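One structure is given here, and the rest of the page talks about it.
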Amino acid sequence: MAVQKMVMCDNGVVAAVVGREHFAKVALCTMEGFSWSLSARDRWRWYDDMAFHDGRLYALTHTEDLVAFDVGYEDTGEPVVSRVEHVVHGDHAARQWHTRMHYLVTSHSGALLMVRRIMSDPGTTQRFVVSVADLASSRWVAVNKLDYGGEALFVGRLCSRAVPALEDADNIFFLDDTDGMSFRTESQPRHPYHAAVYDMASGKVSVLLPRLPLQDGKTPVTWFFPDDEEAARLMIHYNPKMTL
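Count the sequence shown with UniProt numbering and you get residues 1 to 244, in order.
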């Protein structure tokens with residue numbers, strides 16, 4: 001089974017989303033045993049992303065439902081999913097966008113963010129919509145600024161992170177990572193870039209790293225994050241309007 005996403009929890013448990021589309025589950029293991037156990041207490045779902053947030057494991061479905069998983073242990077010491085809770089019910093009107101991706105990111109304010117990437121097809125990103133998980137009322141609340149303008153988001157299928165911004169940024173940096181989104185599409189259009197940035201204020205997409213098909217081939221891309229200060233410098237390098 002394909003591994004879509006893997007995260008390290010703060011208790012040493014490794015969690016992963018395995019499978020694709022409607023046939024995905026959450027699997028757990030430890031670095032000591034490295035024997036995977038599937039979430040037998042939960043049905044198969046279409047998961048788009050997963051994150052460890054505020055001491056709990058969360059997974060986001062393609063229809064924008066947020067599911068929380070509690071982790072327990074067998075007598076052998078192997079981790080297992082002990083409880084599954086449906087904590088946010090998505091707005092299923094979002095299904096009108098047939099091509100979309102979702103990312104889960106923890107804001108520096110402590111909120112859990114859902115970043116919806118809307119595309120006319122897998123090769124064309126139109127815009128992003130950011131929502132905060134209101135766990136008390138079990139709903140998503142749309143926002144038009146990131147942590148009061150104090151951060152930027154780097155999102156990707158394998159890894160996402162919120163990075164402090166020293167000036168109002170409200171930028172979402174994203175990758176050409178739409179390959180393999182569906183079992184049903186054999187040939188999917190590719191973005192003409194490896195990385196780009198979306199400005200939430202203007203709604204404009206700007207290319208950062210153009211694709212060179214002959215040289216680059218089909219190598220997948222992901223983010224590697226330095227510490228927050230270096231990440232902020234990297235962001236300013238691609239946005240000359242910002243200063244340290």
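Here a beta-carbon is modelled for each residue, glycine too, at the ideal position from N, C-alpha and C.
Please read all numbers here as calculations on a predicted model, not as lab measurements.
Where residue i falls: helix, strand or coil (DSSP)
i: Asp134; result: strand
i: Phe183; result: At Phe183 the pLDDT is 49, less than 50, meaning the model places this residue with poor confidence and gives no usable figure here.
i: Pro192; result: coil
i: Thr243; result: With a pLDDT of 37 at Thr243, under the threshold of 50, the modelled position of that residue is not reliable, and no figure is offered here.
i: Asp147; result: helix
i: Arg83; result: strand
i: Asn171; result: strand
i: Ser37; result: strand
i: Gly77; result: coil
i: Trp140; result: strand
i: Lys31; result: Residue identity check: residue 31 is Met in the sequence provided, not Lys. Here Met31 sits in coil by DSSP.
i: Met200; result: coil
i: His53; result: strand
Strand pairing of residue i, partner residues [DSSP]
i: Pro213; result: According to DSSP, which records beta bridges pairwise, Pro213 is partnered with nothing at all.
i: Ala162; result: Leu153
i: His102; result: Arg116
i: Lys225; result: It should be noted that the sequence gives Phe, not Lys, for residue 225. Answer by DSSP bridge pairing: none, since Phe225 is not bridged.
Proximity below 7 Å, CB of residue i to CB of residue j
i: Glu151; j: Ala165; result: yes
i: Val14; j: Phe69; result: no
i: Tyr58; j: Val17; result: no
i: Ser138; j: His89; result: yes
i: Arg127; j: Gly203; result: yes
i: His53; j: Val67; result: no
i: Met200; j: Asp170; result: yes
i: Thr61; j: Arg45; result: yes
i: Glu78; j: Ser37; result: yes
i: Leu209; j: His191; result: no
i: Thr125; j: Val221; result: no
i: Ala51; j: Leu113; result: no
i: Asp147; j: Ser120; result: no
i: His102; j: Asp49; result: yes
Chain-order list of residues whose beta-carbon lies under 7 Å from that of residue i (same chain, five-residue window excluded)
i: Phe154; result: Ser160, Arg161, Val163, Phe173 and Trp223
i: Val141; result: Ser131, Val132 and Asp134
i: Glu74; result: Val80
i: Asn144; result: Met200
Sequence-distant residues of its chain with Cβ nearer than 6 Å to residue i (five each side left out)
i: Gly55; result: none
i: Arg83; result: Asp70
Neighbourhood of residue i by C-beta, 8 Å cutoff - its chain only, sequence neighbours within 5 removed
i: Phe183; result: Reliability fails at Phe183, whose pLDDT of 49 lies under 50, so the model's placement of it is uncertain and no value is given.
i: Val197; result: Asn171, Ile172, Phe173, Phe174, Val205, Ser206, Leu208, Tyr238 and Asn239
i: Asn11; result: Val71
Near the ligand NAD: residue i beta-carbon under 6 Å from a heavy atom
i: Leu209; result: This structure does not include the ligand NAD; it has no bound ligands of any sort.
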